[in-house]
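Going left to right, the sequence shown walks through residues 13 to 337 as this note's numbering numbers them.
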Amino acid sequence: MKILQKLKVIYTDLYLKWQLGDGDGSHPTNPVRAELATQMLTEKYGEDVVVVDPIDPAKEDSDMDALRQTHDEKFIEEVLAGRSGEWTGTKPELGQTALAMFKGTIRAVEAILSGVKVVFNPQGAKHHAKYDRSSGFCVFNDMTYAALALQAKGLRPLYIDWDIHAGDGVAEMLSGTGIPRISIHGGNNFPYDRRYQVPFGECHDEADHCYNFNVGSFDGDEIFMECIDKAREIIEAYKPDVILLAAGADGHTGLDNLSGTNTYTAVGFTYAAEMVAEMAIKHADGRVLIGGAGGYQPYKETPETWALVVGTIFDRVREGVLAND
Ligand SMILES: [Zn+2]
């Protein structure tokens, strides 16, 4: 029997409280990008998209257990009390917002386990967060949780990240788990960790399934697509049965992308999304869990890029999975 597939998007207006720094609206991570991407997808897909609230009061205890399995207890307490290096002052509402974004990815994992193929948490993929500290606008590492939760259910997850900054938190937190991490990022960018910043093709720890592709400061679609081809080879060899994607849009061209100098366009992002969809259909029965990660052109390019990537994956997977039924 053919199951009519719907796209799931995780969103709450609470995400809009994610005002970091001094909270005066000047911080580059303007969460309006999540609201706009959700609107774009809702307008495009109508009844074929289901928007899910990450907050489910009935799941408060199990959500907190999931957070405690992922992060240091003291660090969690500090954040929920309103203290973090990512903002100034004591702001418990920001701790709650960080928690909501993490819960968003818990809901996304539940969706995948219940048979949904493509699910998107625009405020997910906080990929710099470490076990006991925040880093680079990231507080709780939701993708690490997702990978381990799916692995615990007997699946073979693989993580791919094309945010322009290295997915260092996920790479570290999943070290030794056997779960592959592929990161395509600028070699001269934050987090300036030399383990991830080496010449093209040299930054692999094959034994630990950690793969890194560095692009240059001004590189665009051509190099990005070359990296995507290399990623495809790794995914083909591993044959994951669920793909986790950090779909950062901060490699997008334009001067206002947090001083980014890369020049990716819709051409490169479409190519990348099609590769993920193709691998998901071939190996993972179409299962793709997507987090937004970075993107600092909040009113146009970032939400447009996310909607393009998520829509392309959903369209291809829906066609491909139905064809396989
Ligand atoms: Zn980034």
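C-beta: ideal position from N, C-alpha, C; glycine also.
Whole-Å CB distance - G298 paired with V329, under 8 Å assumed:
4 Å
Indicate, with yes or no, if ligand 3 has a heavy atom lying under 8 Å from the CB of I176.
Of the ligands this structure carries, namely ligand 1, none is ligand 3.
Per-residue burial, M13 [other beta carbons within 10 Å of its own, 16 or more giving buried]:
Per-residue confidence for M13 stands at a pLDDT of 41, beneath the threshold of 50, marking its modelled position as unreliable; the derived number appears in the next sentence. The residue is exposed, with fewer than 16 neighbouring Cβ atoms inside 10 Å.
Any non-hydrogen atom of ligand 1 within 8 Å of A305 CB
yes
Quick one: does the C-beta of D262 sit closer than 8 Å to a heavy atom of ligand 1?
yes
Using 10 angstroms around the beta-carbon of V210, count the other beta-carbons present and answer buried if the total reaches 16, otherwise exposed.
exposed
Consider the C-beta atom of G97 and the heavy atoms of ligand 1; say whether any pair is separated by less than 8 Å.
no
Cβ pair count under 8 Å reaching 3, the segment 126 to 144 against the segment 94 to 106
no
Have a look at D77 and E234 and give me their C-alpha separation to the nearest angstrom.
43 Å
Look at the alpha carbon of K18 and the alpha carbon of G228, and state the distance between them as a whole number of angstroms.
38 Å
Within 10 Å of its beta-carbon, does E47 have 16 or more other beta-carbons around it, so buried, or fewer, so exposed?
buried
F152 beta carbon less than 9 Å from that of V91
yes
DSSP three-state call for T275: helix, strand or coil?
strand
As a quick exercise: from E238, E286, T324, K20, pick the residue whose alpha carbon is nearest that of G116.
K20
Beta bridge counterpart(s) of I255 as assigned by DSSP:
L170, V300
When you compare the segment 302 to 315 with the segment 256 to 269, are there three or more beta-carbon pairs, one atom per stretch, that lie closer than 8 Å?
yes
Assigned secondary structure, Y308 (DSSP; H/G/I helix, E/B strand, else coil)
coil
Whole-number beta carbon distance between V131 and L301, since they are thought to touch under 8 Å:
5 Å
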